[in-house]
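The structure under discussion appears below in the form of structure tokens.
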Amino acid sequence: MTAPVPAVDFGRRYVGFESRRFAGRAPLRTVLVCVALVLVILGAGLASLTIGAYEVSFDAVLRAIVDPASDPNTRQVVFDWRLPRVLFAMLCGAALALSGGIFQSITRNPLGSPDIIGFGIGAQFGVTLVMIVLNLNTYMFKAAGALVGGLLTALIVYALATKGGTSAFRLIIVGIGVSAGLGSLTSWILISVSVEKAMMAATWGAGSIASLGFDQLVPAATVFACILLLTVPLNRRLPVLEMGDDAAIALGINAGRTRFVAVVLGVALIALVTAAAGPISFIALAAPQISQRLTRSNTPMGIFPAMLTGAALVVVSDAAAQLLMVPVGVVTVSVGGLYLAWLLAAQYARRA
């Protein structure tokens with residue numbers, strides 16, 4: 063009697079798709095994680111639509127969404143007042159997570175997020191200058207200030223960190239120092255102006271999406287879509303770059319150009335969120351790492367799982383912020399601080 067042939071494990075299971083123009087495959091676990099994250103976003107988003115001064119039940123929210131003939135007051139509350147906030151939460155979370163994945167892939171370190179290495183603080187400092195010093199408070203001016211501030215900060219950090227060779231650890235340490243210096247300059251500006259301006263900047267600096275509507279959502283979503291299209295090629299190039307510049311060059315990738323484009327796009331994503339909602343901290347740090355662990359990937363640069371993880375984190379955090387009646391930035395800082403402490407402890411234990 064012939065013995066049964068043992069099953070061979072070829073690694074991950076994949077789901078393939080094929081059409082006349084496109085063909086590809088994706089890991090089954092990644093697909094299931096993405097589906098679960100979409101369900102979390104939908105559930106938290108629908109729950110968020112019921113929260114507010116005007117009480118709307120869950121059934122009323124569903125009727126307002128699917129039935130155009132339902133109560134017009136409820137539809138106005140759901141669609142005009144609350145839906146933009148949920149969509150903005152999704153946009154901010156996706157943009158921050160994608161930016162964090164880019165920088166963590168470049169530095170090859172889970173601490174190499176724009177929150178830690180100072181690029182987010184640089185964008186915040188640029189917006190503070192535009193709002194307080196130049197008295198320009200429109201979205202376009204704040205976006206320009208955030209982009210310039212973030213790029214100049216990135217230039218300073220890289221110039222200081224690459225003396226004598228490139229090191230991810232040196233980049234993070236220099237970034238923390240530059241971030242502290244910019245934070246001090248921001249505080250100095252706030253105590254040097256009138257109370258009204260300082261309060262306005264402090265309210266914005268807490269990170270809130272409560273007052274945002276479709277007027278801000280449409281241009282922000284358009285810019286995000288353009289940046290996302292430019293970022294898609296990095297989904298394959300940055301994981302190769304993580305193996306080292308020599309390996310990347312051997313595989314036909316221009317390491318310097320790829321890294322420069324990645325930094326510009328990552329800072330642009332941070333600037334997009336900072337100009338609209340203020341600094342929403344620690345999402346860029348946590349979302350790529352959570353996504354990487356959920357999908358069991360070997361890189362934080364997984365575009366769609368990371369973006370869905372970031373969107374889920376911000377939507378859930380914003381729902382909690384509405385219940386607690388605080389800005390969403392307060393919730394993300396509180397939860398992110400605990401995550402950062404755990405991450406530092408895990409890094410130390412691994413080295414020990």
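Positions in the sequence shown are counted from 1; adding 62 to them yields this note's numbering.
In this text, a Cβ means the ideal position worked out from N, Cα and C, and glycines have one as well.
- With a 10 Å radius around the Cβ and a threshold of 16 neighbouring Cβ atoms, THR371 comes out buried.
- In this structure, ALA106 sits near VAL377, with a CB-CB distance shorter than 8 Å.
- Here ALA403 is not near VAL393, since their CB atoms are 8 Å or more apart.
- Runs of alpha helix (DSSP H) with 4 or more residues, each lying fully within the stretch 238-281, are found at 257-267, listed in chain order.
- Contact between the stretch 303-314 and the stretch 343-352 is absent: fewer than 3 CB-CB pairs across the two stretches fall below 8 Å.
- In terms of CA proximity to ILE168, ARG321 leads the group ILE178, ASP177, ARG321.
- Contact check between the stretch 174-187 and the stretch 141-151: fewer than three CB pairs, one atom from each, fall below 8 Å, which does not count as touching.
- In the assembly as shown, ALA131 is an exposed residue. Its beta-carbon has fewer than 16 other beta-carbons within 10 Å.
- A direct Cα-to-Cα measurement between ALA208 and ARG75 gives close to 42 Å.
- Pairwise C-beta distances place the stretch 213-228 out of contact with the stretch 296-304, as fewer than three of them are shorter than 8 Å.
- Counting only runs of at least 3 residues, the stretch 324-394 fully encloses no beta strand (DSSP E) element at all.
- Rounded to the nearest whole angstrom, the CA to CA distance from PRO134 to VAL118 is 13 Å.
- By the C-beta density criterion, LEU274 is buried, having at least 16 other C-beta atoms within 10 angstroms.
- By the Cβ test, the stretch 191-200 is in contact with the stretch 253-264, since at least three Cβ pairs between them sit closer than 8 Å.
- Counting C-beta pairs with one atom in each stretch, the stretch 233-241 and the stretch 211-224 have three or more that are closer than 8 Å, which means they touch.
- Here GLY211 is near GLY188, since their CB atoms are less than 8 Å apart.
- Cβ-Cβ distances below 7 Å link VAL95 to LEU356, THR357, PRO367 in the same chain, with the five nearest sequence neighbours on each side left out; the list follows chain order.
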